[in-house]
Each structure stands twice: as structure tokens, then as C-alpha cells.
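> Mind having a look at this structure? Questions to follow.
Residue numbers (our numbering): 289 to 361.
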């Protein structure tokens, strides 16, 4: 395998990102410091339920939007 086969390119909040093949939504959240925070994850136009974060494996070319809830008044 070459290095390019071991990484995926995806678009996260409008920015291209390179992540290891096999990365889950949960791992992506951890990578960005969002794991455990109140977030909404949309993958290719579909909301990913929190219960599926651990089992949803990302694919090359995925488009993700992640919104972090911020408290305040």
C-alpha cells in the first residue's frame, strides 16, 4: 500500500482534511477536541445520530459539517 491508500481526503466544515483510512466519526471528533461536547454531525447531507459515531467509518470524499453547541444568553 502507498501512503495515499492509507489516508482519506474529506471536506470538514468547508476545509479539505486528510485523515487515516478507517477513521470513525468518533475518532474525527476526538482529533479536533470535540468528543464529549454537544455537537451535531452531518455527513453527505444526512445527520449522523450520536449512537452511530463509534461505528460510522468515513469514506474518501465525504463532506461533513460539524456544529458545536455553545451555551450563553
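We treat Cβ as the ideally placed atom computed from N, Cα and C, and that holds for glycine.
Output the boundary residues of the beta strand (DSSP E) element that contains residue 313.
It is not in any beta strand (DSSP E) - residue 313 instead sits in the alpha helix (DSSP H) that spans 313-319.
> Measure the CB-CB distance between residue 297 and residue 304 and report whether it falls below 8 Å.
Yes, the pair counts as a contact, with Cβ atoms nearer than the cut-off.
> Measure the C-alpha to C-alpha separation of residue 317 and residue 323 and round it to an integer number of angstroms.
5 Å
> With distance defined between alpha-carbon atoms, name the residue in 334, 359 and 307 nearest to residue 319.
307
> Are there 16 or more other CB atoms within 10 angstroms of the CB of residue 299, so buried, or fewer, so exposed?
exposed
> So, residue 327 versus residue 355, is the Cβ gap smaller than 8 Å?
Taking 8 Å as the Cβ cut-off, residue 327 and residue 355 qualify as a contacting pair.
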